[in-house]
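Asks: All letters in the sequence shown, in the order written, are residues 1 to 632 by full-length UniProt numbering.
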Amino acid sequence: MGKYEENYKLSLENPQEFWANAARNIHWYHWYDKVLEIVDNHYRWFVGGCMNSCYNAIDLHVHSGHGDRKALIYDSPVTNTIKTYTYKELQTRIAKTAWILKLKGVKKGDTVLIYMPMIPESVIAMLACARIGAIHSVVFGGFGAHELAMRIEDCKPSMIITASCGIEVNKIIDYKEILDSAIKQSSHKVNAVLLWQRPQKHADTIPFRDIDWENLEMMAKEEPCTPVDSIDPLYILYTSGTTGKPKGVIRSNGGHCVAMKWSMDNIYGVKPGDVFLAASDVGWVVGHSYIVYAPLFSGCTTVLYEGKPVRTPDAGVFWRLVEQHKINVLFAAPTAFRAIKKEDSKGEMVKKYNMDSLRSIFVAGERCDTNTLKWIEKITKKPVIDHWWQTETGWAISGNPLGLETLKVKPGSATKPMPGFNLKVLDEDGNECKKGQLGNLVLKLPLPPACLLGIWQDDERYKRSYLNHYPGYYLTGDNGYIDEDGYVFVMGRMDGVINVAGHRISTGALEETISSHPSVAECAVVGIDDDFRGEIPLALIILKDGVKDKPELIKEGIVRLAIAEVGAFANLKIIGIVNKLPKTRSGKILRGTIRSIAEGKPYTKPSTIDDEQSLTHITEVLKGMGFPKTQS
C-alpha cells in the first residue's frame, strides 16, 4: 500500500485520528476538546480549540525567525508595477489596518465586505479582518452595483473596504462609483467605507462615511491577533445559486487552517520558501485558498498577479512570471491555457524563458480536456495535474497528491479522491453506480475540515441545496464516473448530461472529442430541445489562429470524430464556428445562456460575464444557423 492509499484509508476509517495528526501542524493558543462534532447535519471540526488564522499566516513565521522571507510578490503588468513584501513588512501593514478597523468600531464577529482589485491591500484587508476575528466577505471586483447590493443586503457589513478603481486592459473600472450605487440600492446602510486611493484614478469621498486608508495607516498603531474559536466563521464567500440569489458559503477558522496547510504539504508538494502562483482573483475561492491563506500558512511566497494570461502584454506572461520570480508551482484554470494556446499554438513563447524553477502545473475551475492538458505538457515539459473542487469544499475533492506520492496521470481524469473525501457515484434512485457508469458525484458525510459550515443565515437552503437529495451524502451537483482503477472523471454539472433518444450523453465527453481536432482551439457543447430525439447536441467551436482548412471540411471531420469516439447515437451534426464564447470572469463557459439563446428562451445576462459583446456575437451566429427555430 502506497502513501496515498494509507492516508486515504485512515482518513475514511478514522477521520478523527487523521485530522488530529494534521492539526499538530498549525498554531493553537489552546488545544481543542473534540476533533469532530456533528450538530443537526453541521460538521464542526476542532471544537473548543482556540487559534487565529492571521497569526498562522503571518506572525507565526515572524516569531519563528523568518520575518525577512518574501511573503508576497505583487506583479501588475497593467500598472507596470512589481513590489515585494516580507513577512515582517506584511505583518506591520496588516496590524495597522486591523487597528483602523477596531478604531472605526469593527468588532469580533462583525462582517466586513471587501470590494477590491488584485492589489496587496486586498490581501492586507482580508488578513486584518482575520486578525481581529471579523468575518470578511470578498466580492469579486467584476460584479456590478446590483450584484454587489445583493451581497451587502445579505451579509450586512459594519464596514466596506474598497479601492478607487480596478484596471483592465486599456480600461479603468470605477470601483467607488459602483460601490456608491450599490449602497444606495441596499436597504442596509453602511457606517464606514475604508478607501484605498490608487494613482490611476482618485475617487470622490462622502464626508463622515469614507475614510482615507493610506493617511490613517500612517498614524495607526499595531493591533495584536485576537484569539478566536476554531468554529468561528473566518469568511463568507458567495457562489451562484439556481434561484438567482447568491449563496453565502461559510468557512470556519480552525478546520480551514488545518486543511489548507495539509493540502499545501501533501497535494501541491510545497515547502516553506517555495514560490506559488495561483493565477486567479481574490474574489473567487481559488484566490481565498491559494493566493492568500494556504501559501502563507505554509511559509511560502505567494504571487499576486494583476493581469491576464494574454494581452498583458502577450501570451508569454505566465512564462515570464515563472522565470522572473522563480515560481515553483503554477495554478490556473484550463481556460487560461486555452487562451494562450489560441495565440501561441506552437508554444514558441515558452522558449524565451527559463522554466527550470517550475516543478508542476495545476489546473482546476472547470473540466480540462485531454487535448489542452497534453498541449501544456508538451510545450512546458512539466507535470500537469488536473484536480477538481468547489467553492463549497475550499480545496481539492480529487487530485494527485504530489507531496505523498505522484500517481499516474490519466488525461481527462482529476485522478483520485483526496483524503477526507469519501466520494461515491449514485444514480437518481440513490444506488451506487458500477465502475465506469455515469452518475451523480456525491460525498458521504462527514465532510472533511474546511468544507462549508453552512449557508449564511439560511440553514434550510443549505440542507435543500446539498443534503436533502441523498440523505447521508453531500450533493456536489456534478456528474461523472469512477473507473476500474479508482480514477475520477468529472464530466460536468448534473444538468450537463443530455438525453438523445434515450441515450445519456455527457456534453463534457463531446467537448473532449471535439477539442482533439487539430483545428479546434476551444469549444462548448449544449443540449437543445428536439421534437424527435428529445435533445440533440449543439457545438460551438473556436478555430486556432492560422487555420486555412475550409469550415465545412473541419465540421465534417468533427462529425466523423464524434461518431468514432462517442458514437453515432450522439447525433452531433449542428456545429457553429464562433470568434468567442460567453464566459464568466473566472473562465466558466455560460452554457446555460447559450442554450437559452439557441432555443429562443428568455435569459438574464449573468452579472459575472467577462465580455458582453460575446452574447451579441453568439446570437448572430446562431441566427445565421437558423436558431431559434420557428415554432410550428
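Think of the CB as a built atom: it goes at the ideal place given N, C-alpha and C, for glycine as much as any other residue. Just so it is clear, the structure is predicted and the values come from calculations on it, not from any experiment.
Have a look at Asn-422 and Leu-443 and give me their C-alpha separation to the nearest angstrom.
Replies: Here residue 422 refers to the residue found at position 422 when the sequence shown is read from its first residue. Here residue 443 refers to the residue found at position 443 when the sequence shown is read from its first residue. So the alpha carbons of these two residues sit roughly 5 Å apart.
Asks: Kindly provide the ranges of any beta strand (DSSP E) runs that are 3 or more residues long and lie completely inside the region 124 to 176, ordered along the chain.
Replies: Fully enclosed beta strand (DSSP E) runs of 3 or longer: 135 to 138, 159 to 163, 166 to 168 and 171 to 173.
Asks: If Ala-521 sits next to Ile-542, beta carbons under 8 Å apart, how far is it from one beta carbon to the other, in whole angstroms?
Replies: Taking the sequence shown and counting its residues from 1, the one referred to as residue 521 is at position 521. Taking the sequence shown and counting its residues from 1, the one referred to as residue 542 is at position 542. Right, the Cβ-Cβ distance comes to about 5 Å (below 8 Å), so this counts as a contact.
Asks: For Trp-28, which three-state DSSP category applies?
Replies: Against the sequence shown, residue 28 aligns to sequence position 28. Trp-28 falls in the coil class under three-state DSSP.
Asks: Check whether the Cβ atoms of Lys-88 and Val-62 sit closer than 9 Å, and answer yes or no.
Replies: Counting from one through the sequence shown, the residue named residue 88 turns up at place 88. Counting from one through the sequence shown, the residue named residue 62 turns up at place 62. Yes. Within cutoff.
Asks: Given a cut-off of 9 Å, decide if Val-258 and Ala-130 are closer than it, judged by their beta-carbon atoms.
Replies: Looking up residue 130 in the sequence shown gives position 130. Looking up residue 258 in the sequence shown gives position 258. In this structure, Ala-130 sits away from Val-258, with a CB-CB distance that is not shorter than 9 Å.
Asks: Where does Pro-537 fall in DSSP's three states?
Replies: The residue given as residue 537 occupies position 537 in the sequence shown. DSSP places Pro-537 in strand when its eight states are reduced to three.
Asks: Could you check where the alpha helix (DSSP H) with Phe-337 kicks off and where it finishes?
Replies: For the purposes of this step, residue 337 is taken as the residue at position 337 of the sequence shown. Per DSSP, Phe-337 belongs to the alpha helix (DSSP H) from 334 to 343.
Asks: Nearest-angstrom Cα distance between Asp-429 and Lys-408?
Replies: Position 429 of the sequence shown holds residue 429. Position 408 of the sequence shown holds residue 408. So the two alpha carbons sit approximately 33 Å from each other.
Asks: Considering just the uninterrupted stretch of the beta strand (DSSP E) at Thr-302, what are its terminal residues?
Replies: Taking the sequence shown and counting its residues from 1, the one referred to as residue 302 is at position 302. Looking at the DSSP string, the run of the beta strand (DSSP E) that includes Thr-302 is 301 to 305.
Asks: Within a Cβ cutoff of 7 Å, which residues of the same chain sit near Ala-128, ignoring the five residues on either side of it in sequence?
Replies: Locating residue 128 in the sequence shown gives position 128, where the first residue counts as 1. Result list for Ala-128: Ile-94, Thr-97, Ala-98 and Leu-101, in chain order.
Asks: Where does Asn-440 land, buried or exposed, given buried means 16+ other C-beta within 10 angstroms?
Replies: Translated into the one-based positions of the sequence shown, residue 440 becomes position 440. Classification for Asn-440: buried.
Asks: Which first and last residues belong to the beta strand (DSSP E) in which Val-488 is found?
Replies: On the sequence shown, residue 488 is found 488 positions in, with the first residue counted as 1. Its beta strand (DSSP E) spans residues 488 to 493.
Asks: Can you give me the start and stop residues for the beta strand (DSSP E) that Phe-276 sits inside?
Replies: Residue mapping note: residue 276 aligns to position 276 of the sequence shown, counting from 1. Where Phe-276 is concerned, the enclosing beta strand (DSSP E) stretches over 275 to 278.
Asks: Does the distance from the CB of Thr-149 to the CB of Ile-183 come in under 9 Å?
Replies: For the purposes of this step, residue 149 is taken as the residue at position 149 of the sequence shown. For the purposes of this step, residue 183 is taken as the residue at position 183 of the sequence shown. The displayed chain sequence assigns Ala, not Thr, to residue 149. Yes, the Cβ-Cβ distance between Ala-149 and Ile-183 is below 9 Å.
Asks: How is Val-258 classed by DSSP in three states: helix, strand or coil?
Replies: If you number the sequence shown from 1, residue 258 lands on position 258. Reduced to three states, the DSSP call for Val-258 is helix.
Asks: Whose CA, out of His-517, Val-500 and Ser-506, lies closest to the CA of Phe-532?
Replies: Taking the sequence shown and counting its residues from 1, the one referred to as residue 532 is at position 532. The residue with the shortest Cα to Cα distance from Phe-532 is Val-500.
Asks: Can Lys-176 and Asp-212 be called in contact, C-beta distance under 9 Å?
Replies: Locating residue 176 in the sequence shown gives position 176, where the first residue counts as 1. Locating residue 212 in the sequence shown gives position 212, where the first residue counts as 1. The answer is no: Cβ separation not under 9 Å.
Asks: Tell me Glu-620's beta-bridge partners as DSSP assigns them.
Replies: Position 620 of the sequence shown holds residue 620. None, per the DSSP bridge assignment.
Asks: The beta strand (DSSP E) that contains Val-442, what's its start and end?
Replies: Start at 1 with the first residue of the sequence shown, and residue 442 comes out as number 442. Note, Val-442: beta strand (DSSP E), 439 to 444.
Asks: Tell me which residue opens and which closes the beta strand (DSSP E) that Asn-80 is part of.
Replies: Your numbering for residue 80 matches position 80 in the sequence shown. For Asn-80, there is no enclosing beta strand (DSSP E), since its DSSP letter is neither H nor E.
Asks: Leaving aside the five residues before and after Thr-391 along the sequence, list all residues of the same chain whose C-beta is less than 7 Å from its C-beta, in chain order.
Replies: In the sequence shown, counting from the first residue as 1, residue 391 sits at position 391. Taken in chain order, the residues that qualify are Leu-237, Thr-239, Val-249 and Val-285.
Asks: If I measure Cβ to Cβ from Ile-574 and keep anything under 6 Å in the same chain, skipping five residues before and after, which residues do I get?
Replies: Along the sequence shown, one-based indexing puts residue 574 at 574. Taken in chain order, the residues that qualify are Leu-538.
Asks: For the pair the region 371 to 384 and the region 335 to 349, tell me if three or more CB-CB distances fall below 8 Å.
Replies: yes
Asks: Should Val-39 go down as buried or exposed, given a rule of 16 or more other Cβ atoms within 10 Å for buried?
Replies: On the sequence shown, position 39 is the one that residue 39 refers to. Exposed is the call here.
Asks: State the start and end residues of the unbroken beta strand (DSSP E) segment that holds Val-497.
Replies: Counted from its first residue, the sequence shown places residue 497 at position 497. Its beta strand (DSSP E) spans residues 497 to 500.
Asks: Would you mind stating whether Leu-447 and Gly-420 have Cβ atoms separated by less than 9 Å?
Replies: Here residue 447 refers to the residue found at position 447 when the sequence shown is read from its first residue. Here residue 420 refers to the residue found at position 420 when the sequence shown is read from its first residue. Yes, these two residues count as a Cβ contact at 9 Å.
Asks: Using only the alpha-carbon positions, how far apart do Val-425 and Cys-368 sit?
Replies: As a first step, residue 425 must be located in the sequence shown, where it is residue number 425. As a first step, residue 368 must be located in the sequence shown, where it is residue number 368. Distance between the alpha carbons of Val-425 and Cys-368: 20 Å.
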